[in-house]
């Protein structure tokens, strides 16, 4: 590289140093300690154990449980909940009157802007035995139950829908706004009903946004920690312990840093796969 | 005849859409109503209910240096420091990426995009182990550096997109007059992309302000804890949970980010630049 290009590339240096030291470094370190038996206490040296941690993981019922719960959490809250509700809200907003649109948008976005832990507390209060949901069910003479105890994974999934739907709503509002009015109006005059227009015209036209949105929602949901931590601590037992919480418990409560990191590495790998797919979706942009 | 029919249908559809949206809004507003009502309620519990008389006692009780001011100040130092670092580094990095063609641009931008979508939660355990070894654990500066690094990929990506919107011709005159890159960046490009810089700044700040896991892992000393972690104390150490105070604290802690969001949303004419940016 000649001197001129070097001088030109100079401003990238601070960012590059930070990224290498604090992001690439830990990821490389992660890839290393996942193959060791590093523990938090009472051990001076750690030794290399090869794939032992991964073998343990796939035989560990608690790990498989965490994988399953992560899957449920992601599918219910992100693929189905945030995505579908976000699209429905965006579609309804196109037809609704302005005050209703502003009001609903404001409420949904406020839920999204709130700090993670605050959102966790609000939903904890909502789902608790003495909370709002049961009070409402009582009013309607429906049976109430202790949601955080009987269906914790669904409770935290709904919490994630409450908190995360705004993003999909905004992405889809932008996408629907870009569809030329003439197309939908022509179909309307031709007598195509709302559902048919949605299915045959709108959805195919916004499929790129759908792909990107699903990808980002999934990645976001995969790494949710604070929300679940505040609401259930992963419990009762391990009934809402998704992979990030399992990783934390192994590494810190059980002091198995090596094992916890192996789980983290698996999580990173899943994230990387999604990340690569996402880049393909955006391939034309760079 | 057909026209009135169509108009009728539209009006009915608008009413149906309004009803649908209001239903969702009602479901979404319940947890928010709880926090507002409970903060003013002297006998708050976990249900949404009209307060037994309005009081500011809950706010009075939490507005002490111990419970509120120190954690908020810590949050401010932590997020302010990290945001400053992020924005400066991102602006510097985005400049050559946006202005000069190089065959390294594409791989660099692809790595950045890749890093943008990695689950940061996953690397907190190795980061903890690493921070213990290099003695950065339980330090504000260490946490600031990690915060900045974790936010940088997206910040660089956004910043470059905004910078691409500033025409290069405006700088060329300055270059012929002998201005260096740094001068044309600070004097010409950044002022012209003011709203873009504001979006990156506010977005980074809001993300860090609400982040729980990073300070939860990297800080240990209670009086260094930011509000996102100290809020946990309401459950742990204070025995019986005072829900009214918890609600009041939640409001005090959330207000800055809500105001900042409103600020950028206004500035962008209600549009959503981030949605546009991540859409590509």
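Protein chains in written order, with the working numbering: chain A, 29 to 314; chain B, 4 to 283. C-beta atoms are modelled at their ideal positions from N, C-alpha and C, and glycine is treated no differently. Note that the structure is predicted; figures quoted are calculated from it, not measured.
- For residue 76 of chain A, the beta-bridge partners assigned by DSSP are A:64.
- At a beta-carbon threshold of 9 Å, the residues of chain A lying near residue 35 of chain B are 135, 138, 139, 142 and 150, ordered along the chain.
- Residue-level contact check: residue 219 of chain A does not touch chain B, since none of the beta carbons of chain B fall below 8 Å from its beta carbon.
- Residue 69 of chain B counts as exposed, since fewer than 16 other C-beta atoms from the protein chains shown sit within 10 angstroms of its C-beta.
- Contact note: residue 212 of chain B reaches chain A through 143, using a C-beta cutoff of 9 Å and chain order.
- Per DSSP, the continuous alpha helix (DSSP H) segment holding residue 183 of chain A begins and ends at 180-205.
- For residue 197 of chain B, the enclosing alpha helix (DSSP H) has its first and last residue at 197-213.
- Only those residues of the stretch 109-127 of chain B whose C-beta falls short of 9 Å from the nearest C-beta of chain A are listed: 109, 111, 112, 113, 114, 115, 116, 117, 118, 119, 120, 121, 122, 123, 124, 125, 126 and 127.
- With its beta carbon at least 8 Å from every one in chain B, residue 118 of chain A lies outside the interface.
- At least one beta carbon of chain B lies nearer than 8 Å to the beta carbon of residue 40 of chain A.
- Nearest CB-CB separation between residue 184 of chain B and chain A: below the 8 Å threshold.
- Shown in chain order are the members of the stretch 50-64 of chain B whose Cβ falls below 7 Å from a Cβ of chain A: 50 and 51.
- Closer than 8 Å to the CB of residue 21 of chain B there is at least one CB belonging to chain A.
- For the stretch 261-293 of chain A, the set of residues with a beta-carbon nearer than 7 Å to any beta-carbon of chain B comprises 272, 275, 279, 285, 288, 289 and 292, in chain order.
- Listed in chain order, the non-local C-beta contacts of residue 38 of chain B below 6 Å within the same chain comprise 250 and 253, local neighbours out to five positions each way being set aside.
- Linking residue 166 of chain A to residue 47 of chain B through their CA atoms gives a straight-line distance of about 19 Å.
- For residue 244 of chain B, no alpha helix (DSSP H) run applies, since DSSP gives it neither H nor E.
- At a cut-off of 8 Å between C-beta atoms, residue 48 of chain B counts as an interface residue with respect to chain A.
- Within chain B, the residues whose beta carbon sits less than 7 Å from that of residue 123 of chain A are 16, 17 and 20, listed in sequence order.
- Annotation: Cβ neighbours of residue 158 of chain A in chain B (cutoff 9 Å, chain order): 48, 49 and 50.
- Sixteen is the threshold: since fewer than 16 other Cβ atoms of the shown chains lie within 10 Å of the Cβ of residue 90 of chain A, the residue is exposed.
- Counting along the chain, the unbroken alpha helix (DSSP H) around residue 99 of chain B starts and ends at 73-102.
- Unbroken beta strand (DSSP E) stretches of 3 residues or longer found wholly inside the stretch 113-153 of chain B: none.
- A direct Cα-to-Cα measurement between residue 130 of chain B and residue 20 of chain B gives close to 48 Å.
- The beta carbons of residue 185 of chain A and residue 105 of chain A sit closer together than 8 Å.
- Under the Cβ criterion of 8 Å, residue 207 of chain B is not counted among the residues facing chain A.
- Three or more Cβ pairs closer than 8 Å define a contact, and the stretch 191-205 of chain B meets that threshold against the stretch 155-170 of chain B.
- Contact residues of the stretch 299-310 of chain A toward chain B are 299, 300, 302, 303, 304, 306, 307, 309 and 310 (C-beta to C-beta distance below 9 Å).
- By the rule that beta-carbons nearer than 8 Å mark a contact, residue 207 of chain A does not touch chain B.
- Taking 8 Å as the upper bound for CB-CB distance, residue 64 of chain A and residue 50 of chain A are not in contact here, some 21 Å apart.
- Contact between the stretch 265-273 of chain A and the stretch 92-102 of chain A is present, with at least three C-beta pairs closer than 8 Å.
- At least 8 Å separates the beta-carbon of residue 39 of chain A from that of residue 257 of chain B.
- For the pair residue 134 of chain A and residue 74 of chain A, the Cα-to-Cα distance works out to about 52 Å.
- Counting only residues of its own chain and dropping the five nearest sequence neighbours on each side, residue 303 of chain A has a CB closer than 8 Å to the CB of 247.
- By the rule that beta-carbons nearer than 8 Å mark a contact, residue 216 of chain B touches chain A.
- Annotation for residue 208 of chain B: 82, 86 and 263 place their beta carbon closer than 7 Å to its own, counting only its chain and skipping 5 residues before and after.
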